[in-house]
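Okay, structure first, notes after.
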Amino acid sequence: MGLIRYIGKKAVIYLATFFVAVTLNWAIPRFMPGNPIGILLSRFATLPESAEVMYSYFTQAFGLDKPLYEQYINFWRALLNGDLGVSIYLYPQKVRDIVLEALPYDIVLIVPAVIVSWIVGNWLGALASTNRRLDNILMPIFYFLTASPYFWMAIVLAWVFTVTIPIFPPSGAYSPGISPSLSLSFIVDFLKHWILPFLSLLLVMLGGWAIGMRNMIIYELESNYSRYMEALGAPNRLILRYAFRNAMLPQITGLALQIGLAVAGAITTEIVFSYPGLGYLMLQAIQNQDYFLMQGAFLVIVIMVLISNFVIDIVYAIVDPRVRYTYTGETG
Amino acid sequence: MMLDRIMERHRETLILLRRNRKIKAGASILAVILAIAVIGPYTTEYGPLEYTGAIGEPPSSRHPLGTNTFGYDLYSQVVYGLRSSILIGLLGGILATAIGVLIGFISGYFGGIIDELLMMLTNIFLVIPTLALLIIIAAYIEHRGILIESVIIGLTSWPWTARAVRANTLSLRNREFVYLARMSGMPTRSIILREIAPNMLSYIIMVFILQFGGAILYAVSLDFIGLGPTKGISLGVILQQAVLWNAVQLGMWWWAIPPGLLIALLLTSLYVINTGLDEVLNPRLRRQG
Amino acid sequence: MELLRVEDLHVYYLTLRGYVRAVDGVTFTLTKGEVLGIAGESGSGKSTLVNYIILPKPPMVRVKGRIYYKGLELTGLAREELGKIRYKGISIIPQYAMDSLSPTKKVKRIILDLARGRSREDLIEKARERLKLVNLSERVLDMYPIELSGGMKQRVVMVISTLLDPDVLIADEITSALDVTTQRAVLEMIRDFKETGIIKSVIFVTHDIAALYQIADRIMVMYAGKLVEIGDADGVVGNPKHPYTRALIESLPRIGVRYKVKRLKGIPGSPPSLLNPPRGCRFSPRCSEALEKCRFEEPPETLVDGRRVYCWLYSR
């Protein structure tokens, strides 16, 4: 009961977010100071068959002669039909197809990086919280890791592992000579390309998780239930186990916020390694002033972030009993 | 008597602030980096975008950080770039903090429907990935300068602050002294100015430190993608060009490593100072023994 | 039979500004079957005293004195050794009963974890019986602490703290946050628990001397880290000797709705700073009957009507 209400409430927020994101996507080119629409239009003039393009998507989505509200409705209509427009840079491919092709690369990069960094970071943080000497050694490292820009971490890794000790390839998702298949040689080749961007994301995120976990555990160990357990002679291990459980819960909520940051990290990391995900795609779009492609990528990123947040919320609601009871109306 | 107690409390906080190892270490690093940003440009004879005649040279006494493919002196680029990155961080950080504090405070203090609406807005902007949003905004601006970059960063990175400040306000609002003030018929404005603001100040400083760091990170990321200032130099721009021109693959590590290292150290010092402040102001985080 | 003996105990807090002398030379014993009440204003050191007995840890520092439990010296014992005595030997119902249970563990889990090493069935069976004694359904065992109301939590903590039939139960300000009816119910439960032999003895700490009178066999009054008077409850309340005790009792409202003394209206001034306590008798700056030497010399222990009193008025 409480669970359903909780999930319902979250779903409303995410739907509202989607609505706002789409609206921003529509409004930014129209209302920014300067003449963004002019920039956009001028790009189309250079295309072959420009008249046809103008007719098919442009008039529908932009319909500049129509009143604003109609433009807005048409924009939604096109979007709900899965129409994100046509790429200029990769003309005549559809933006939707290009973006969907890039998306899997982000997923294989971000999802494992977030999960592994969460597990390892929390574990290291818990370790630091209980061991004074380890704490003093590890904490400065964690702070440095979390303070590093993702792309700089990527540059450092590239320098070390593709130049100084050249054991990994510097760019791409797989070697140019191989075509994707499920063969062992392709998988190995793919992993070799994948490992460095993955590590860049992993290392930076790891620091943040470890710091959060360490502080949360220390906080929980100072709490009244820890004192009570200690007063009743509970061994350290048991108290720590309780503290760990309660410290872990905020870290799950933290995952939701981290997804957005991980996406930002992935965008810049992919640029360093020319890894063909959405980030690299966005760079291409920016460099070629391909605005439809850029905005399509933005929308897909937002949708992915919303879906992952929703999944995290559901997991959290299942793990933390408090959610179920605070959302039934009676508070404890 | 009352005044004595308050003085006592603050004296203790001040002693703790000065004794805190994290604050000391963080502030020392920060001071050095700030000094580089302020004094650095006076210690070099080259402009950041001035051809020196030396192309792709490793660090030497003439060029402490070497030169790049275009013959620019990297030391000059870094000291000037640091200056503009810090400037963007300050402006963006101040703006984001101001918006976040304002929204969070109004939401927490007045509650009701205002609170609901503002928090809905906050939660929405909290979920939209900031960098992605920044990218589509920046891409439509033809001439980008430091000011515009910091404004758009400030306008997009306030949400977490609003949420945190709201929680802080709520807890302050329900404290005894505010309740007493309200019971005694003190006007809202005076309650806010005299009772709440002083108690929130330390918290706001901590928020600003994080926003300052965050704004620098967003700025270098935007610069790195090629959406930074259209003219001029910044740490992110140096890194963008380094990657664009394959500095690392060509063995010119001095082009790509030092600017990022400087950013990482600057951010580390900010985070460490923030944690130190947190330990002093939030005694539960202090380690015993 | 003597269960607990505290000898000349000095426990200070180490702060940046120096030592806060929270407990400064306290001696008393607790025998089997007895309820000892400790009364005093906040800042009198009563809470520090009992918390040090069960959980000595920084920033509390023992400067002097010893604690014995059944003849075994606790002071200076290793943490693990102390851990064995806690709960079964000495147990506590803490002041912060409302949040002394981890919110994310079921009550049953907490009980099994705390009383580990004993048969699961026995423990659960015992917990069921005890819950019945405090008028709670056994369904509580399968609930999370957040599902319980404040009063329920307090009773659950009471059951958990006494589950192993402790020799000494410390009850630290457990009635302070309650209304009169609930307060009485809690006092009755403690008395029942003692009479049925579930607990062998109780140290009941409160600033509410009226509550103490209902439950305690002996009462000990503390002021500014010092013991001022200790003796049988009827005597202390009916015929107080020390001027402070007298003021404390006079400040009570006459048989009224609620006996709650937060600040003593009858006594001018406020308790001294324990960072720099006054010389001589610590109560002397506020005492209307203070003699000249009260301000310079500490009063010695004097036996008056079988009671220990620390006051120059009785010492010739």
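Chains as they are written, first to last, in this note's numbering: chain E, 1337 to 1668; chain L, 66 to 354; chain G, 2 to 317. Where is the CB? At the ideal position from N, CA and C, for every residue including glycine.
Exercise for the section: Just the C-alpha distance for L/Leu258 and L/Ser236, rounded to the nearest angstrom, thanks. Expected result: Position 193 of the second sequence, counting from 1, holds the residue named residue 258 of chain L. Position 171 of the second sequence, counting from 1, holds the residue named residue 236 of chain L. Taking the straight line joining both Cα atoms gives about 16 Å.
Handout entry: Residues in the segment 1556–1573 of chain E having any Cβ partner in chain G nearer than 8 Å
Key = Ser1559, Asn1560, Tyr1561, Arg1563, Tyr1564, Met1565, Glu1566, Ala1567, Leu1568, Gly1569, Ala1570, Pro1571
Problem - Under 9 Å from the C-beta of G/Arg87: neighbouring residues of chain E - result: Taking the third sequence and counting its residues from 1, the one referred to as residue 87 of chain G is at position 86. Here the neighbours are Glu1566, Ala1567, Leu1568, Gly1569, Ala1570.
Problem - Local Cβ density within 10 Å of G/Asp306, reported as buried at 16 or more and exposed below that - result: In the third sequence, counting from the first residue as 1, residue 306 of chain G sits at position 305. That one is exposed.
Handout entry: Buried or exposed by the 16-neighbour rule on C-beta atoms within 10 Å, applied to E/Val1647
Key = Counted from its first residue, the first sequence places residue 1647 of chain E at position 311. Label assigned to E/Val1647: exposed.
Exercise for the section: Assign L/Arg209 to buried or exposed, taking buried as 16 or more other Cβ atoms, counted over all protein chains shown, within 10 Å of its Cβ. Expected result: Position 144 of the second sequence, counted from the first residue, corresponds to residue 209 of chain L. Classification of L/Arg209: buried, given that the 10 Å Cβ count is 16 or more.
Problem - Simplified DSSP assignment, three categories, for E/Ala1621 - result: Within the first sequence, the letter at position 285 stands for residue 1621 of chain E. Three-state DSSP puts E/Ala1621 in a helix.
Practice task
Output yes if chain E places a C-beta closer than 8 Å to the C-beta of L/Leu342; else output no.
Solution key: Taking the second sequence and counting its residues from 1, one reaches residue 342 of chain L at position 277. For L/Leu342, the answer is no, since every Cβ of chain E falls outside 8 Å of its Cβ.
Handout entry: Own chain residues within Cβ distance below 6 Å of E/Pro1657, not counting five before or after
Key = For the purposes of this step, residue 1657 of chain E is identified with residue 321 of the first sequence, where counting begins at 1. No residues qualify anywhere along the chain.
Exercise for the section: Please look up how many angstroms separate the CB atoms of G/Val169 and G/Leu4, rounded, as I've assumed it's under 8 Å. Expected result: Residue numbering aside, residue 169 of chain G sits at position 168 when the third sequence is read from its first letter. Residue numbering aside, residue 4 of chain G sits at position 3 when the third sequence is read from its first letter. About 6 Å; that satisfies the 8 Å criterion.
Problem - Environment of E/Ser1644 [buried if 16+ CB atoms lie within 10 Å] - result: If you number the first sequence from 1, residue 1644 of chain E lands on position 308. Counting Cβ neighbours within 10 Å, E/Ser1644 comes out buried, since at least 16 surround it.
Exercise for the section: Kindly indicate which three-state DSSP category G/Leu265 falls into: helix, strand or coil? Expected result: On the third sequence, residue 265 of chain G is found 264 positions in, with the first residue counted as 1. Unreliable positioning characterises G/Leu265 in this predicted model, as indicated by a pLDDT of 48, which lies under 50. The coordinate reading is nonetheless provided below. G/Leu265 falls in the coil class under three-state DSSP.
Problem - C-beta contact flag for L/Ser49 and L/Gly278 at 8 Å - result: Since the first residue shown for chain L is 66 and the last is 354, residue 49 of chain L is missing from the structure and cannot be characterised.
Exercise for the section: Evaluate contact between the segment 1512–1520 of chain E and the segment 1565–1582 of chain E, counting only Cβ atoms and requiring at least three cross-stretch pairs below 8 Å. Expected result: no
Practice task
My understanding is that L/Met271 touches L/Leu167, with C-beta atoms under 8 Å, so please give their C-beta distance in whole angstroms.
Solution key: Here residue 271 of chain L corresponds to residue number 206 of the second sequence, with the count starting at 1. Here residue 167 of chain L corresponds to residue number 102 of the second sequence, with the count starting at 1. Going by Cβ atoms, the distance from L/Met271 to L/Leu167 rounds to 17 Å, so no, they are not a contact pair.
Handout entry: Proximal residues of chain E, C-beta to C-beta of L/Met185 below 8 Å
Key = Taking the second sequence and counting its residues from 1, the one referred to as residue 185 of chain L is at position 120. Near L/Met185 (Cβ distances below 8 Å), the residues of chain E are Ile1349, Ala1352.
Problem - Classification of G/Asp173 by the beta-carbon crowding that lies within 10 angstroms, buried from 16 upward - result: Along the third sequence, one-based indexing puts residue 173 of chain G at 172. G/Asp173 is buried by the Cβ-count criterion.
Exercise for the section: Give the DSSP-derived three-state secondary structure of G/Gly257 in the structure shown. Expected result: Reading the third sequence from its first residue, position 256 is the one you call residue 257 of chain G. Residue confidence for G/Gly257 is low, a pLDDT of 43 falling below 50, so the modelled location carries little weight and cannot support an answer.
Problem - Cα-Cα separation, E/Phe1411 to E/Leu1351 - result: Position 75 of the first sequence, counted from the first residue, corresponds to residue 1411 of chain E. Position 15 of the first sequence, counted from the first residue, corresponds to residue 1351 of chain E. Looking at the two C-alpha atoms, the distance is approximately 17 Å.
Handout entry: Start-end ranges of the beta strand (DSSP E) lying completely within the segment 176–206 of chain G, minimum 3 residues
Key = none
Problem - Neighbouring residues, chain L, relative to E/Phe1480 (Cβ below 7 Å) - result: Position 144 of the first sequence, counted from the first residue, corresponds to residue 1480 of chain E. What E/Phe1480 touches in chain L: Ala329, Thr333.
Exercise for the section: Would you list, in sequence order, the uninterrupted beta strand (DSSP E) runs of no fewer than 3 residues that lie entirely inside the segment 58–123 of chain G? Expected result: 61–70, 91–94
Practice task
Would you be able to state if there are at least three C-beta pairs under 8 Å between the segment 1626–1642 of chain E and the segment 1351–1369 of chain E?
Solution key: yes
Problem - CB contact below 8 Å: E/Arg1581 versus chain G - result: As a first step, residue 1581 of chain E is located in the first sequence; it is residue number 245 there, counting from the start. Chain G, which has a Cβ nearer than 8 Å to the Cβ of E/Arg1581, makes this yes.
Practice task
With DSSP collapsed to three states, give me the class of G/Arg25.
Solution key: Position 24 of the third sequence, counting from 1, holds the residue named residue 25 of chain G. It is Asp, not Arg, that sits at residue 25 of chain G in the sequence shown. DSSP places G/Asp25 in strand when its eight states are reduced to three.
Practice task
Measure from the C-beta of E/Asp1656 to each C-beta in chain G and report whether the shortest distance is under 8 Å.
Solution key: Position 320 of the first sequence, counted from the first residue, corresponds to residue 1656 of chain E. Answer yes: the Cβ-Cβ gap between E/Asp1656 and chain G drops below 8 Å somewhere.
Practice task
Taking 8 Å as the threshold, find out whether the segment 1531–1547 of chain E comes into contact with the segment 1467–1487 of chain E through three or more Cβ pairs.
Solution key: yes
Exercise for the section: Hey, could you find the ends of the beta strand (DSSP E) G/Leu4 is sitting in? Expected result: Position 3 of the third sequence, counting from 1, holds the residue named residue 4 of chain G. That run of the beta strand (DSSP E) goes 3–16.
Practice task
Take E/Leu1420 and list the residues in its own chain whose beta-carbon comes closer than 6 Å to its own, dropping the five residues that flank it on each side.
Solution key: Within the first sequence, the letter at position 84 stands for residue 1420 of chain E. Contacts found: Val1431, Arg1432, Gly1632.
Practice task
To the nearest angstrom, report how far apart L/Pro194 and L/Leu287 are at their CA atoms.
Solution key: Reading the second sequence from its first residue, position 129 is the one you call residue 194 of chain L. Reading the second sequence from its first residue, position 222 is the one you call residue 287 of chain L. Going by the C-alpha atoms only, they are around 13 Å apart.
Practice task
For E/Asp1471, collect the residues of the same chain with a Cβ closer than 8 Å to its Cβ; drop the 5 residues on either side in sequence, then sort them by chain order.
Solution key: Counting from one through the first sequence, the residue named residue 1471 of chain E turns up at place 135. Ala1464, Ser1465, Arg1550.
Handout entry: Interface residues of chain G facing E/Leu1585 [CB-CB closer than 8 Å]
Key = Locating residue 1585 of chain E in the first sequence gives position 249, where the first residue counts as 1. Ordered by position in chain G, the residues that pass the 8 Å Cβ test against E/Leu1585 are Thr105.
Problem - Contact set between E/Ser1484 and chain L, taken where Cβ atoms lie within less than 9 Å - result: Here the question's residue 1484 of chain E lines up with position 148 in the first sequence. Neighbours of E/Ser1484 on chain L, chain order: Gly325, Leu326, Ile328, Ala329, Leu332, Thr333.
Problem - Exposure of E/Gln1623, with buried meaning 16 or more beta-carbon neighbours within 10 Å - result: For the purposes of this step, residue 1623 of chain E is taken as the residue at position 287 of the first sequence. Classification for E/Gln1623: exposed.
Problem - Distance, G/Leu142 Cα to G/Glu122 Cα - result: To locate residue 122 of chain G, count along the third sequence from 1; it is residue 121. To locate residue 142 of chain G, count along the third sequence from 1; it is residue 141. Roughly 13 Å between the two C-alpha positions.
Practice task
Would you list the one or two residues that DSSP bridges to E/Ile1588?
Solution key: Looking up residue 1588 of chain E in the first sequence gives position 252. The partner list for E/Ile1588 (beta bridge, DSSP) is empty, contrary to what the question assumes.
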